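K.L.:
Keeping their order, the protein sequence lines are chains Z and U. First residue of the first sequence? That's 1 in our numbering, and the numbers climb one at a time after it. First residue of the second sequence? That's 1001 in our numbering, and the numbers climb one at a time after it. Glycine is no exception: its CB is placed at the ideal position from the N, C-alpha and C atoms. Keep in mind the model is a prediction, meaning the values are calculated, not measured. Got a structure for you, questions after.
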Amino acid sequence: MNSYTNFSKFLLCILTMTTWWSCTKDVNFSQLNDLTLSPAVVSSLVFFDEPANTFYDNGSEVSAIQDFIMVDIFNNAFVQDDLVKSEFHFESKNAINRSFILQIDFFDISGKVLHTFQVSQEASGNAVETVSHHIEVFEGDDIEVLKQTQVVMFTLRVAAGQPIDEHTPGRIQLKSFASFYFEIDVSE
Amino acid sequence: MKNYLTFWGLILFCLTSYTQNKQILYGFSEIPQALLLNPGGKITNKWYVGMPLLSHVHVSSGTTGSTVYDLFADNGVAFNTKFRKAIYGMSNKDFFSFNEQIDVFSGGLAMGPSYEKNQYLSFGLYQELDFIGYFPKDYVVLALEGNQNNINKIFDAGDLNATAEVISVVHVGYNKTLNSKMSFGFRGKIYSSVMTVSSKRNKGYFVTTQGQNNTYNHVFDLNLELKTSGISHLLDDDNSSLEQDLKTLRRRLFFGGNLGLGFDVGMSYQISNQWSVDGSLLDIGFIHHSKDIENYKVEGVYTFEGVNPIFPESGNNQSADAYWSEIEEDFEDLFQVDTTASKFTSWRPVKLNASINYAFGKRSEKECTCVKEDSGYLNAVGLQLYVIKRPRRPQLAITSYYYRKLFEWLRIKATYTVDSYSFSNIGMGVSAHWGAINFYLMADNFLEYKNIYDAEAVSLQLGFNYIFK
């Protein structure tokens, strides 16, 4: 057998071996379209911790404090496309002998009120701290409210009751966070 | 969504990616390219020329993590289940690597007095692509789960660790046989980087903890950096002409890129007639990147506890909106990507090879009526060690092999390798010699060829040479 025949046979053998050895089992790359990511993100929201005399200014009681912030965090593509549910959790503690109402209003860019809710806090009796919880859920059609929101207005009202002066004891505290639930469909 | 697809596309690309060990070629002294793995190795030819572009083609792939089959098997299991299983089955030490090498040209020539040509000069130009990416576990878990169920979990920003480089290398090697026992050699290299992307020294973390003033406290401490060279010019090309880009790439392949220097050293020593040892250190070198650089940096520390919109002034009459804007600006500053053009130096991944070999089984006189061409042994067994320096830690492979000179025209080598990828890597290489023409082919992980999609690592090398003995 000359070396040329050997060499040819060898190449043929290599080819056959490669074909025989190399095989695949069924795979389906289109499964990638089924992939859904569903992260749940928590973020701190608003908080305050104020003594009673914050509501006493220049000899008179302040019955309501109001301010607003302009938000465009709901305006990005990630929130617009993939946010499916959100819960706003509030925990308030009150050691002042007056009840409070925190009202939160959501406005769109034209100033139209999209959504309003209130977090009520009972008055404290005998300087015993009262605690209350409120969860505001945005789901289904309501989630669109968040997505269109441009301005959030906060109004804290002190309900009628025993007058507050600079020596009124106690303080009011609020802690809150939001849970944002996303459904990210990678095929979209 | 495109970003997500790109991200997972990249991961999948990595799953079919490559490594650098050439355990079958190492020590296969009939093949001239073995000299690239040990410049001090044994020489068995007077001169050779590699077939241009085909003298050495190497591709190899490896993942220590999930395979393509783990994810995409058409087995009725929900993809989301397989996906999560794959993610949670990997750690930030799992990596995907890719290596491809093509000899553009190569040759070698024995030198010295005609009665004892004990020196050998070899040279060539090759192109190489090298990628390694570690699995960015904490980033993926954060994207998958969010932070709600991960309070107090520190998401490590250092999990982002990847580097990719396309280079061309011109090299000249010198080998000298000192005596019948000892030979040594070295190889000088000039690197030209075509393009480099590297993000290796990322630090910092993100954590959500129980807060003091509010329910949660979020801490961002980020120090991330991505260095690139040779990319921005191609991307920013005003005329966006492919032809122009190809010209640029061609120029860089032939030393118009960022240049660097390096060398290989190696030796082999014959302990006795049958026992020998050898070893080499490859790619001790660097590339200095000074042209077409674009680096990106994100650096900052920020703690967010929420906003106090009703009482933000704290004595300075600040409105809630001004207070909120300040927070938004702080966030923007934190994630602000700074672009710089600072020069940088990248080090080549140093590789170490070593082996101990035992040759046995001389050719039987009875079986051979022809004139014996050499008095060497027909078989050899041995152990090889391979280590490559990688960004996080060196990767190591140990190979045992059996070599057999089947016929004068056909030699084979079978290997069993234990490495980061698997414990069942069986490889096979053949070198055929038809007159002066040499063809070699080697591949490893044969067991995994049963289902290539489930392969954790595969590699293939082949080449044609013209060898004059």
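#1: Expressed to the nearest angstrom, what Euclidean distance is found between the alpha-carbon atoms of U/Arg-1392 and Z/Leu-102?
#2: Who are U/Leu-1121's beta bridge partners in DSSP?
#3: Measure from the C-beta of U/Asn-1149 to each C-beta in chain Z and report whether the shortest distance is under 8 angstroms.
#4: Using beta carbons (cut-off 8 angstroms, strictly below), is U/Ser-1061 in contact with chain Z?
#5: To the nearest angstrom, how far is it from the Cα of U/Asp-942 to the Cα of Z/Thr-155?
#6: Can you tell me which of the three DSSP states U/His-1233 falls into?
#7: Can you tell me whether U/Ala-1157 is helix, strand or coil according to DSSP?
#8: Would you check if there are 3 or more beta carbon pairs closer than 8 angstroms linking the region 1237-1257 of chain U to the region 1316-1329 of chain U?
#9: What's the C-alpha gap between Z/Asp-49 and Z/Leu-146?
#10: Can you list, in chain order, the residues of its chain with a C-beta nearer than 8 angstroms to that of U/Tyr-1018? Leave out the 5 residues immediately preceding and following it.
#11: Taking Z/Gln-150 as the reference, which of Z/Val-42, Z/Val-46, Z/Asn-33, Z/Phe-74 has the closest Cα?
#12: Nearest-angstrom Cα distance between U/Gly-1429 and U/Asp-1221?
#13: Quick check: is any heavy atom of the ligand FAD less than 7 angstroms from the C-beta of U/Tyr-1440?
#14: What separation, rounded to the nearest whole angstrom, lies between the Cα atoms of Z/Lys-175 and Z/Ile-109?
#15: Would you say Z/Ala-40 reaches chain U, if we count a Cβ-Cβ gap shorter than 8 angstroms as a contact?
#16: I'd like to know whether the C-beta of U/Ile-1310 is nearer than 8 angstroms to at least one C-beta of chain Z.
#17: Beta-carbon of Z/Glu-87 versus every beta-carbon of chain U: anything under 8 angstroms?
#18: Using C-beta distances below 8 angstroms, list every residue in its chain close to U/Leu-1410, excluding the 5 sequence neighbours before and after it, in chain order.
#19: According to DSSP, simplified to helix, strand and coil, what is U/Gly-1463?
#20: Would you say U/Val-1104 and U/Pro-1052 are within 8 angstroms of each other, going by their C-beta atoms?
#21: Does the structure place the region 1165-1180 of chain U close enough to the region 49-67 of chain Z that three or more beta carbon pairs sit under 8 angstroms?
#22: Looking at the unbroken alpha helix (DSSP H) that takes in U/Thr-1081, where does it start and where does it end?
#23: Hey, out of Z/Phe-177, Z/Asp-141, Z/Val-27, whose CA is closest to U/Phe-1079's CA?
#24: Would you please verify whether the beta carbon of U/Glu-1373 is less than 8 angstroms from any beta carbon of chain Z?
#25: I believe U/Val-1197 touches U/Ile-1231 by the beta-carbon criterion, under 8 angstroms. Please report the beta-carbon distance rounded to the nearest angstrom.
#26: Mapping the DSSP letters down to three states, classify U/Lys-1227 as helix, strand or coil.
#27: Take U/Phe-1446 and list the residues in its own chain whose beta-carbon comes closer than 8 angstroms to its own, dropping the five residues that flank it on each side.
#28: Output the boundary residues of the alpha helix (DSSP H) element that contains Z/Gln-80.
#29: Roughly how many whole angstroms lie between the Cα atoms of Z/Phe-100 and Z/Ser-43?
#30: Along chain U, which residues have their Cβ under 8 angstroms away from the Cβ of Z/Val-27?
#31: In the structure shown, what three-state DSSP assignment does Z/Asp-34 receive?
#32: Going along the region 1316-1328 of chain U in order, which residues come within less than 7 angstroms of chain Z, judged by CB to CB distance?
#33: How would you list, in chain order, the residues of chain Z whose beta-carbon sits under 7 angstroms from the beta-carbon of U/Gly-1211?
#34: Using a Cβ cut-off of 8 angstroms (strictly closer), state whether Z/Glu-50 contacts chain U.
#35: Apply the 10 Å Cβ neighbour rule to U/Tyr-1088 and answer buried if 16 or more other Cβ atoms are within range, or exposed otherwise.
#36: CA-CA distance, U/Phe-1468 and U/Ile-1031?
P.N.:
This is what the structure holds:
#1: Counted from its first residue, the second sequence places residue 1392 of chain U at position 392. Counted from its first residue, the first sequence places residue 102 of chain Z at position 102. Roughly 52 angstroms between the two C-alpha positions.
#2: Sequence index remark: in the second sequence, residue 1121 of chain U carries index 121 (1-based). U/Leu-1109, U/Tyr-1174, per the DSSP bridge assignment.
#3: Position 149 of the second sequence holds residue 1149 of chain U. With 8 angstroms as the cut-off, U/Asn-1149 counts as an interface residue toward chain Z.
#4: Counting from 1 along the second sequence, the entry for residue 1061 of chain U is found at position 61. By this cut-off, U/Ser-1061 is not an interface position.
#5: Here chain U comprises residues numbered 1001 to 1469, so residue 942 of chain U is not present and cannot be evaluated.
#6: Counting from one through the second sequence, the residue named residue 1233 of chain U turns up at place 233. Helix at U/His-1233.
#7: In the second sequence, residue 1157 of chain U corresponds to position 157, counting from 1. DSSP places U/Ala-1157 in helix when its eight states are reduced to three.
#8: no
#9: Indexing the first sequence from 1 puts residue 49 of chain Z at position 49. Indexing the first sequence from 1 puts residue 146 of chain Z at position 146. When rounded, the distance between both Cα atoms is 26 angstroms.
#10: What you label residue 1018 of chain U is simply residue 18 of the second sequence in a count that begins at 1. Caution applies to U/Tyr-1018, whose pLDDT of 36 falls short of 50 and renders its modelled position unreliable; the model cannot decide the point.
#11: The sequence position of residue 150 of chain Z within the first sequence is 150, counting from 1. Considering only alpha carbons, the answer is Z/Phe-74.
#12: Stepping through the second sequence from its first residue, residue 1429 of chain U is reached at position 429. Stepping through the second sequence from its first residue, residue 1221 of chain U is reached at position 221. Going by the C-alpha atoms only, they are around 50 angstroms apart.
#13: This structure lacks the ligand FAD; in fact it carries no ligand of any kind.
#14: The count along the first sequence starts at 1 and reaches residue 175 of chain Z at position 175. The count along the first sequence starts at 1 and reaches residue 109 of chain Z at position 109. Spanning the two alpha carbons is a distance of roughly 27 angstroms.
#15: In the first sequence, the residue the question calls residue 40 of chain Z occupies position 40. Interface residue, yes.
#16: On the second sequence, position 310 is the one that residue 1310 of chain U refers to. U/Ile-1310 counts as touching chain Z.
#17: Counting from one through the first sequence, the residue named residue 87 of chain Z turns up at place 87. By this cut-off, Z/Glu-87 is not an interface position.
#18: Taking the first residue of the second sequence as 1, we reach residue 1410 of chain U at position 410. Same-chain partners within the cutoff: Val-1430, Ser-1431, Ala-1432, His-1433.
#19: Stepping through the second sequence from its first residue, residue 1463 of chain U is reached at position 463. Here U/Gly-1463 sits in strand by DSSP.
#20: Taking the second sequence and counting its residues from 1, the one referred to as residue 1104 of chain U is at position 104. Taking the second sequence and counting its residues from 1, the one referred to as residue 1052 of chain U is at position 52. Contact flag set, yes.
#21: no
#22: For this step, residue 1081 of chain U is matched to residue 81 along the second sequence. From DSSP, the alpha helix (DSSP H) with U/Thr-1081 extends over 1079-1088.
#23: Numbered from 1 along the second sequence, position 79 holds the residue referred to as residue 1079 of chain U. The option with the nearest alpha carbon to U/Phe-1079 is Z/Val-27.
#24: Mapped onto the second sequence, residue 1373 of chain U falls at position 373. For U/Glu-1373, the predicted structure reports a pLDDT of 46, less than 50, and the residue's modelled location is therefore unreliable. A value from the coordinates is still provided. With 8 angstroms as the cut-off, U/Glu-1373 does not count as an interface residue toward chain Z.
#25: Looking up residue 1197 of chain U in the second sequence gives position 197. Looking up residue 1231 of chain U in the second sequence gives position 231. Contact holds; Cβ gap of about 7 angstroms.
#26: Sequence index remark: in the second sequence, residue 1227 of chain U carries index 227 (1-based). If DSSP states are grouped into helix, strand and coil, U/Lys-1227 belongs with the strands.
#27: To locate residue 1446 of chain U, count along the second sequence from 1; it is residue 446. Closer than 8 angstroms at Cβ, skipping near neighbours: Ile-1426, Gly-1427, Met-1428.
#28: The sequence position of residue 80 of chain Z within the first sequence is 80, counting from 1. First-last of the alpha helix (DSSP H) with Z/Gln-80: 77-82.
#29: Numbered from its first residue, the first sequence carries residue 100 of chain Z at position 100. Numbered from its first residue, the first sequence carries residue 43 of chain Z at position 43. Near 24 angstroms, if we compare the C-alpha coordinates of Z/Ser-43 and Z/Phe-100.
#30: As a working mapping, residue 27 of chain Z is identified with position 27 in the first sequence. Simply Val-1068, Tyr-1069, Phe-1072, Ala-1073, Asp-1074, Tyr-1453.
#31: Counted from its first residue, the first sequence places residue 34 of chain Z at position 34. Correct three-state label for Z/Asp-34: helix.
#32: Ser-1319, Ala-1320, Asp-1321, Trp-1324
#33: For the purposes of this step, residue 1211 of chain U is taken as the residue at position 211 of the second sequence. Ser-44, listed in chain order.
#34: Residue 50 of chain Z sits at position 50 when you count from the first residue of the first sequence. Closer than 8 angstroms to some Cβ of chain U, the Cβ of Z/Glu-50 qualifies, so yes.
#35: For the purposes of this step, residue 1088 of chain U is identified with residue 88 of the second sequence, where counting begins at 1. Result: exposed.
#36: In the second sequence, the residue the question calls residue 1468 of chain U occupies position 468. In the second sequence, the residue the question calls residue 1031 of chain U occupies position 31. Whole-angstrom Cα-Cα distance: 12 angstroms.
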